Amino acid sequence: MFADRWKEILNTRGDEVALWHPGGALSYRALEAAARALTPQTCGRLGRFYLAQGDGPDITVALLAGFLTGRPVQVVEKDRSRRVPGCCVPRNVALVKQTVGSSGVRRCQFFTFDQIAADVDRLYDALGLDRCGVALAPLSVAHSFGLTTTVLQTLLRGLPTHWLPTPFPCGMTDALVTHEHVFLPAVPAMWKAWLISGLDLSRVKLAVSAGSPLTLELEAKVRESFHLKLHNLYGTSETGAISYDAAESPRSEASDMGTLLPGVSASVEHERFIVSSNAVGLGYDTVQAGELFHHGHHRTWDRVRMTGSSLSYLGCEGPGINVASRKLSPFAIADKIRAATGIRHVRIHGQPSRDPERVQDVVACVGVTPDQLTCEFKSKACVSLAPWEVPRHWRIENPGRPSAEGGLADGMGLAAPQLV
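For reference, each letter of the sequence shown is one residue, going 596 to 1015 in the numbering used here.
And the structure:
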């Protein structure tokens, strides 16, 4: 139970710094005082709950408030609107994640405290986080990867977090000189940016990459420039961490995702990867046909080859778009463009980017004529899109003609693309 964990942390290090941030620092006792002063909100589906949204301290305090009182916590990215769960929520839910993932559909995912703790503990032990003095958090702590490797490690295992609002080198430099033996989890796009900037990472004890495929070239450059082994970590928001490359030597294959973590089992069924562990969540608020996400099992959208406990990544079949490790919904982007332009025929998908750390570019296929696809049209179409949702490529599709997949085009499946 959380109460016993938290009591032990307070008894051993209650007055020590738990969370650094640009405005100062908070001890474990100060975090508790802020959490107990926080007022819960009310939701018809969740009842009395805490909304964890905003900066790192806001999310940490809301999580602690929920854990201390036994009320659910819904974690929402700072730039997103909260989704009201579309179903009755199980009474034992402690955490609600709101994410797109590989399905391409923004939904809520439900977790008990025991499932959260299983993922946190598995990572702490497998990565050897007891050897680190602090987790540096330049990535979103509302995202599953950042959440489990930073602020949840603080609340459940007592590993302090230094939160940063951006991964920019100036803030990173100030944070790094403050600590020894730093644990630095980040996505490949961040590691590439730090390479280009020449950031001094000499105080990093453990470097981990997740969120999108890690290329051999980037891994090699990090080793050459920073004298660091960049460890590849693989997981999903539904399952938590799945596998880890714990070796100190460089990988020889870009597809290498290390080995299954202790307590995680997996299988391949019809080329889809199925994961089983005590960290797999309770399920979604809305379910699509053919999905498996309950009772400790989840069928991912990934294609993975297993050799014993070693995993090789073959690709992802899901419609979700991965832009520099940020998962986007093609359906939500299409809806925004339709609303802004009045064009019915809009289809959004991802295509491989020339920049491997960017992973994918957003492609917009619209049912307009060439003379309609102007700069003014594109500006109007993108007025409500976030910068990372803006299409990099536009294509004209003729509605009603047979598509490459077969059948006639409609609002989500169009035909005869013309690259513009």
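Each residue gets a CB set at the ideal place from its N, CA and C atoms; glycine is no exception.
These numbers come from a predicted model, not from an experiment.
Would you report the Cα separation of residue i and residue j, rounded to the nearest angstrom?
i, j, result
"Ser850", "Arg898", "11 Å"
"Thr634", "Asp709", "24 Å"
"Pro733", "Val978", "28 Å"
"Val799", "Ala929", "41 Å"
"Asp795", "Thr768", "7 Å"
"Val803", "Gly741", "11 Å"
"Ala721", "Leu856", "7 Å"
"Ile916", "Leu690", "25 Å"
"Pro1012", "Val918", "Reliability fails at Pro1012, whose pLDDT of 35 lies under 50, so the model's placement of it is uncertain and no value is given."
"Ser998", "Arg939", "Per-residue confidence for Ser998 stands at a pLDDT of 40, beneath the threshold of 50, marking its modelled position as unreliable; no derived number is given."
"Ala712", "Thr743", "9 Å"
"His757", "Asn873", "29 Å"
"Val961", "Pro982", "19 Å"
"Lys673", "Gln693", "12 Å"
"Gln704", "Val684", "10 Å"
"Trp896", "Cys911", "6 Å"
"Val668", "Leu811", "38 Å"
"Pro808", "Phe763", "22 Å"
"Val863", "Glu886", "15 Å"
"Gly619", "Ala770", "12 Å"
"Ser739", "Arg686", "22 Å"
"Leu1014", "Gly806", "In this prediction, Leu1014 has a pLDDT of 33, which is less than 50 and means its spatial position is unreliable; nothing more can be read from the coordinates."
For a test of the three-state rule: what should DSSP assign to residue i, helix, strand or coil?
i, result
"Trp983", "helix"
"Asn917", "strand"
"Pro997", "The pLDDT assigned to Pro997 is 39, lower than 50, so where the model puts this residue is not dependable, and the model offers no usable value."
"Pro780", "strand"
"Cys977", "coil"
"Phe763", "coil"
"Leu592", "No answer is possible for residue 592: it lies beyond the span of the chain, which begins at 596 and ends at 1015."
"Gln636", "strand"
"Thr936", "helix"
"Gly661", "helix"
"Val715", "helix"
"Ser797", "coil"
"Asp956", "strand"
"Val736", "coil"
"Ala841", "coil"
"Arg701", "coil"
Taking C-beta to C-beta, are residue i and residue j nearer than 8 Å?
i, j, result
"Val958", "Gly945", "yes"
"Pro760", "Pro617", "yes"
"Val772", "Leu747", "no"
"Val679", "Cys638", "yes"
"Leu906", "His889", "no"
"Leu614", "Thr664", "no"
"Asp880", "Arg702", "yes"
"Val729", "Pro755", "yes"
"Leu605", "Leu750", "no"
"Thr834", "Val777", "no"
"Asp956", "Arg921", "no"
"Phe662", "Phe597", "yes"
"Ala629", "Leu646", "no"
"Val736", "Gly651", "yes"
"Arg894", "Arg933", "no"
"Pro780", "Ala815", "no"
"Arg608", "Gly753", "yes"
Return the residue from the list the options that minimises the CA-CA distance to residue i.
i, options, result
"Gln883", "Phe740, His988, Ser698", "Ser698"
"Val700", "Cys727, Arg987, Leu923, Glu984", "Leu923"
"Leu801", "Leu811, Val772, Leu825", "Leu825"
"Gly858", "Ile837, Trp786, Glu627", "Ile837"
"Trp789", "Thr773, Thr810, His776, Cys765", "Cys765"
"Val612", "Arg624, Lys602, Asn606", "Arg624"
"Met785", "Glu952, His738, Leu641", "Glu952"
"Asp950", "Leu813, Asp966, Thr895", "Leu813"
"Gly937", "Ser832, Gln967, His988", "Gln967"
"Ala927", "Asp610, Arg608, Gln648, Arg675", "Arg675"
"Thr854", "Glu848, Tyr839, Ser847", "Tyr839"
"Val875", "Ser862, Ser832, Gly903, Lys816", "Ser832"
"His774", "Ser739, Cys727, Ala935", "Cys727"
"Gly642", "Val688, Val863, Ser860, Ala815", "Val688"
"Glu848", "Gly806, Arg631, Leu909, Ser860", "Leu909"
"Val985", "Thr969, Lys931, Glu992", "Lys931"
"Val954", "Leu626, Lys787, Lys816", "Lys787"
Can you pull the DSSP bridge partners for residue i?
i, result
"Trp786", "DSSP lists no partner for Trp786."
"His1018", "This structure does not reach residue 1018, given that the chain is present from 596 up to 1015, and the question cannot be answered."
"His826", "Val803"
"Asp897", "Cys911"
"Asp851", "Ser907"
"Gln967", "In the DSSP output, where bridge partners are listed per residue, Gln967 has none listed."
"Leu621", "Leu614"
"Val670", "Ala647, Lys692"
"Val941", "Val961"
"Gln946", "Asp956"
For the ligand ADP, I want to know if residue i counts as a neighbour, meaning its beta carbon is within less than 7 Å of at least one of the ligand's heavy atoms.
i, result
"Pro680", "For the structure depicted, the ligand ADP is absent and the ligand set is empty, with no information on it obtainable."
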